[in-house]
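Let me begin by presenting the structure, written as structure tokens, before commenting on it.
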Amino acid sequence: MKRSKFNSKEFHIHPDVIQDKKFPPKECYTLLGKITFQPMQYVRSRFEFFLKNQGTPEDLVVDLCIGVLEAVENAVKYGDGTEVEVEYYIDPSQTLFIQIINNLKELNLEQDIERGKFSSTATLMRGMMVMQKLFDELDLEILENKKQAQFNAKKKLS
């Protein structure tokens, strides 16, 4: 009996199985925004697979994965534990566009700092500063009427 090359402990398929297959330059999916479901590992695997199959240079793959994981971690941390929408695509000019939308939970920043959750607002901004270095453009918009946060980023790949 021939053994499958699919590893159930990982979120990816063995490269031999997908060799010579063409994948679309866009992905969109929704995941549960709870740490217990390991959303960062899931997104990292899918995003890395996507970038590599689009021919993205390895050094950019590593940097972009760091940036996307930071954005997803923020969506999970400050989200209400429900859905997180993840979308990314590469346009014909080889620009990567990323959008992550999550529902917001009630946040009382001053109380959280007093409880020791954050040492200061500088702690909250560290991830954004890292992402600013990794992406060409980024924006975080709070959609008050929907109680959502929308993260958008762009990176020229060539």
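For the sequence shown, the working numbering assigns the number 1 to the initial residue and increments by one for each residue that follows.
No residue lacks a Cβ here, since even glycine has one placed at the ideal position from N, Cα and C.
Hey, residue i and residue j: beta-carbon distance below 8 Å or not?
i	j	result
GLN132	LEU138	yes
VAL68	PHE47	yes
LEU64	LEU134	yes
LYS105	ASP80	yes
VAL76	ILE35	yes
For residue i, collect the residues of the same chain with a Cβ closer than 8 Å to its Cβ; drop the 5 residues on either side in sequence, then sort them by chain order.
i	result
VAL72	PRO39, MET40, VAL43, VAL84, VAL86 and ILE100
ILE66	VAL130 and LEU134
Helix, strand or coil: which one does DSSP assign to residue i?
i	result
ASN152	strand
ASP80	strand
ASN103	strand
LEU157	coil
THR56	coil
ASP91	coil
Could you tell me the alpha carbon to alpha carbon distance between residue i and residue j, rounded to whole angstroms?
i	j	result
GLU58	ASN152	22 Å
LYS21	TYR29	21 Å
MET128	PHE37	24 Å
ALA149	VAL130	19 Å
PHE49	GLU70	18 Å
ARG126	ASN74	11 Å
PRO92	LEU143	29 Å
Assuming residue i contacts residue j under a Cβ cut-off of 8 Å, what Cβ separation, rounded to an integer in Å, is found between them?
i	j	result
LYS154	TYR89	Incorrect: roughly 11 Å between the Cβ atoms, too far for contact.
GLY33	THR95	That belief does not hold up - the Cβ atoms of GLY33 and THR95 are roughly 27 Å apart, past 8 Å.
Excluding the 5 residues flanking residue i on each side, which residues of the same chain have their C-beta closer than 7 Å to its C-beta?
i	result
ASN53	PHE23
THR226	This structure cannot settle anything about residue 226, because the visible part of the chain is limited to 1 through 158.
LYS147	ASN103 and LEU104
Excluding the 5 residues flanking residue i on each side, which residues of the same chain have their C-beta closer than 6 Å to its C-beta?
i	result
MET1	With a pLDDT of 49 at MET1, under the threshold of 50, the predicted position of this residue should be treated as unreliable, though the coordinate-derived value follows. Nothing meets the Cβ criterion.
ASN145	none
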